[in-house]
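Chemist:
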Amino acid sequence: MTTAQKETLGFQTEVKQLLNLMIHSLYSNKEIFLRELVSNASDAADKLRFLALSDGSLYDGDADLRVRVSVDKEANTVTISDNGIGMTREEVISSLGTIAKSGTAEFFSNLTGDQAQDSQLIGQFGVGFYSAFIVADAVTVTTRKAGESTGVEWHSQGEGDYTLAEVEKEGRGTEIVLHLREEEGEFLDDFRLRGIVTKYSDHISIPVEMFKAPVPESEGPDGEKIEAVPGEWEAINRATALWSRDKSDISDEEYKEFYKHVGHDWEEPLTWAHNKVEGKTEYTSLLYIPKKAPFDMFNRDRQTGLKLYVQRVFIMDDAEQFMPSYLRFVKGLLDSNDLPLNISREILQDNKITQAIRKGCTSRVLKMLDRMGKNKPEEYQTFWNEFGQVIKEGPAEDSANKEAIAKLLRFSSTHTDEVTQNVSLEQYVERMKEGQDKIYYVVADSFEAAKSSPHLEIFRKKGIEVLLLSDRVDEWMMSHLTEFDEKQLQSITRGDLDLGDLDDEEAKKAQEESEKEVEGLVERIKEVLGDKVKEVRFTHRLTDSPACVVADEHDMSSQMQKLMESVGQAAPESKPVFELNPEHQLVKHLNVEQDEDKFVQWSEVLLDQALLAERGSLKDPAGFVARLNKLMLDLSK
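Counting in the numbering used here, the sequence shown runs from 317 upward without gaps.
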């Protein structure tokens, strides 16, 4: 192998930080470096197999794809080589010199300096190749892209830079040589490496080979001659697609290890579903629910989707057509017998087979999550804390499965003291009071704001449970989720309050009497406030507060207006309905106030207080403060 002049390049800043963490041995389980590198080699073989469907010359007379692992005890090295697709110079720089993944900055901002915690973060981030530096103080990569005549050599000691050189390489593929640190001698033992491959890579669908040493000619115990056995490469894994095997033959450990391969995750999955569908459309699916959300879950440019195989031939990564956006966290693969081998992303878009598979996979994931919620509530809470906000996109995106998605939702409520969202709609319905025919909820900017909303006062007095919603997506979700179990979902900040059978006749009479005591006040305040409000009226939803604002039944809520403005959309102007508590002393005081100037100030202060409690801000906070100060000074005289 001849080498041209070397070129030295610097690592991307984030790679320097990551390598520094690797070199200082964050991981207690160092053997995973081999799993990651063998997994990458397997992916390279898959990609070559796919490209060779349309260009068989890429095999160049070598169609038996494999990965080889070998050791050199004298040189203190471990070598992982493959005859897969290989890389060009540009691909080497992109793959090994940078971290080409969104969310990088957020990832590093979350590092704490605590090794155990940081290792979990790195696991979420997925940095397969860089795991080589867990055990090596230098790494050399030699690679040649299929169809190219020359190769590239990449070398780094895991510090600030790396070198690149054009080289002559026999055969396509990639060879990675790990120059082990002195203390990592255990990985020079053949038996140890065989055990690691069997443990982590048995599921890989191409052979992972190690060299079996030759056995010299010898003499048996009875003097007979035992022939010499030449050395040879032998496969040490099953080399069969795991998903093609019968479920009863696959252990939980095998499923978990395969997830780490297909999901590029270092954590075990929460759960999975393995199904073979036969009939009009035939396919096999292996779908996993991760434990942790990636840092770029809400990045619109992030590639998501399942690995797609056709008749066990790898076709593409991130085939997003088989899973709706609100289930984009699902990892796994599909293997179809009905799609053609030359299928493309464009053809998948409107393919009837694709639609049938998508429908089946969506239903399977929703049922899997529903079972987890019912049978393993603690595990489901872990899932919800990570992916709940994504699931909340479902009612708007998937009307066909709206009821199934609604069963998966979890909320905080007035019947729980914690901010944790752990109340299901089914639990709420079971706890509904006799005579209650609606599911009540309130949406606010934060859990604290929701829990202290004045609109809750009458519900607390009557012991009626109210769901507390405070995620950014909640108002949008509830605009599409209007019914559950034949019961209407009702915002307590919208429209006139009607508790139906929950209001007794005695309470209604008392309300009518209190309104008579301040008769005429509504018209007087309406005249003062003018077009600042849509309507002024009495309400009995309040017990401790003098006033509140609500949205008219058909107007946009303040939370929806904020949501639209936050994404740069102009929200249509809608004026609030101003409601007064006729039993409150401030309202009674306002009713007998004869000084017109003070009456105007009191009316505006009450409106501003109600707006502040509802929206968290005012258009003219300085004016509110000035009016309030003036009234306080008048009261102190």
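Beta carbons: idealized from backbone N, C-alpha and C, even for Gly.
If we count Cβ pairs, one from each stretch, closer than 8 angstroms, do we get three or more for the stretch 369-389 versus the stretch 597-605?
Modeler: By the Cβ test, the stretch 369-389 is not in contact with the stretch 597-605, since fewer than three Cβ pairs between them sit closer than 8 angstroms.
Chemist: Quick check on this structure: which residue in Leu624, Val629, Ala635 has the alpha carbon closest to the alpha carbon of Arg618?
Modeler: Ala635
Chemist: Can you grab the Cα-Cα spacing for the pair Asp847 / Pro892, in whole Å?
Modeler: 10 angstroms
Chemist: Go through its chain and collect everything with a Cβ distance to Leu906's Cβ below 6 angstroms, but skip five positions before and after it.
Modeler: Trp918
Chemist: Could you confirm whether any beta carbon from chain B is found closer than 8 angstroms to the beta carbon of Arg382?
Modeler: Within the model displayed, chain B is absent; a lone protein chain is all it includes.
Chemist: Between which residues of its own chain and Phe366 is the CB-CB distance below 7 angstroms, once the five residues before and five after are set aside?
Modeler: Val629, Phe630, Ile631
Chemist: Thinking C-alpha only, which one of Lys718, Thr736, Asp814 is nearest Glu799?
Modeler: Nearest C-alpha to Glu799: Lys718.
Chemist: Quick test of the definition: if touching needs 3 or more C-beta pairs under 8 angstroms, does the stretch 775-785 touch the stretch 748-757?
Modeler: yes
Chemist: Quick check on Trp582: does DSSP put it in helix, strand or coil?
Modeler: coil
Chemist: Which one of Ser560, Phe614, Ala609 has the shortest CA to CA distance from Lys592?
Modeler: Ser560
Chemist: With DSSP as the reference, label Ala598 as helix, strand or coil.
Modeler: It should be noted that the sequence gives Glu, not Ala, for residue 598. In the displayed model, Glu598 falls within coil according to three-state DSSP, outside both helix and strand.
Chemist: Helix, strand or coil for Asp477, going by three-state DSSP, please let me know.
Modeler: Asp477: strand per DSSP, three-state reduction.
Chemist: Is it right to say Ala529 is buried, meaning 16 or more other beta carbons lie within 10 angstroms of its own, or is it exposed?
Modeler: With fewer than 16 other CB atoms across the displayed protein chains lying within 10 angstroms of its CB, Ala529 is exposed.
Chemist: Quick one: any contact between the stretch 847-860 and the stretch 769-778, if contact means 3 or more CB pairs under 8 angstroms?
Modeler: With contact defined as three or more Cβ pairs closer than 8 angstroms, the stretch 847-860 and the stretch 769-778 are in contact.
Chemist: Starting from His495, trace the beta strand (DSSP E) both ways and give me its first and last residue.
Modeler: 489-496
Chemist: Between which two residues does the beta strand (DSSP E) containing Phe727 stretch?
Modeler: Segment: none, Phe727 is in no beta strand (DSSP E) and carries neither H nor E.
Chemist: Do you know whose CA, among Val789, Phe699, Val865, Ala929, lies nearest Tyr604's CA?
Modeler: Phe699
Chemist: Which class does Ser534 belong to by DSSP, given the choice of helix, strand or coil?
Modeler: strand
Chemist: With distances taken between CB atoms, is the gap from Ile520 to Asn553 smaller than 8 angstroms?
Modeler: yes
Chemist: When you compare the CB positions of Leu664 and Gln697, do they come within less than 8 angstroms of one another, or not?
Modeler: no
Chemist: May I ask which residues mark the beginning and end of the beta strand (DSSP E) holding Phe630?
Modeler: 629-635
Chemist: Would DSSP call Ala379 helix, strand or coil?
Modeler: coil
Chemist: Starting from the C-beta of Ile401, find all residues in its chain whose C-beta is less than 6 angstroms away, skip the five residues before and the five after it, and write them out in chain order.
Modeler: Ala360, Lys363, Leu364, Ala462
Chemist: Please work out which residues of its chain come closer than 6 angstroms, Cβ to Cβ, to Ala720, disregarding the five sequence neighbours upstream and downstream, and give them in chain order.
Modeler: Excluding positions up to five away in sequence, the list reads Leu682.
Chemist: Could you check whether Val493 and Thr459 sit closer than 8 angstroms to each other, using their CB atoms as the reference points?
Modeler: Result no, Cβ atoms of Thr459 and Val493 do not sit closer than 8 angstroms.
Chemist: Taking just the CA atoms, how far does Glu662 sit from Val626?
Modeler: Separation of Val626 and Glu662 (C-alpha to C-alpha, rounded to the nearest whole angstrom) is 16 angstroms.
Chemist: Helix, strand or coil for Val921? Go by DSSP, reduced to three states.
Modeler: helix
Chemist: Since Leu624 sits in a beta bridge, which residues does DSSP pair it with?
Modeler: Met632, Leu650
Chemist: Return the CA-CA distance between Gln321 and Arg508, expressed in angstroms with no decimal places.
Modeler: Taking the straight line from one Cα to the other gives about 38 angstroms.
Chemist: Kindly indicate which three-state DSSP category Gly467 falls into: helix, strand or coil?
Modeler: Reduced to three states, the DSSP call for Gly467 is strand.
Chemist: Could you have a look at Val866 and say whether DSSP puts it in helix, strand or coil?
Modeler: strand
Chemist: Select from Glu843, Glu909, Leu944, Arg810 the residue whose C-alpha is nearest the C-alpha of Val921.
Modeler: Leu944
Chemist: Would you mind reading off the limits of the alpha helix (DSSP H) that contains Met688?
Modeler: Counted as a single uninterrupted DSSP element, the alpha helix (DSSP H) harbouring Met688 occupies residues 668-691.
Chemist: Quick one: Cα of Val578 to Cα of Glu802, how far?
Modeler: 41 angstroms
Chemist: Cutting at 8 angstroms between CB atoms, please list the residues of its own chain near Asp453, excluding the five before and the five after it.
Modeler: Only Ile339, Gln473, Gly474, His495, Leu496, Arg497 meet the Cβ criterion.
Chemist: Rounding to the nearest angstrom, what Cα-Cα distance links Lys647 and Ala722 in this structure?
Modeler: 22 angstroms
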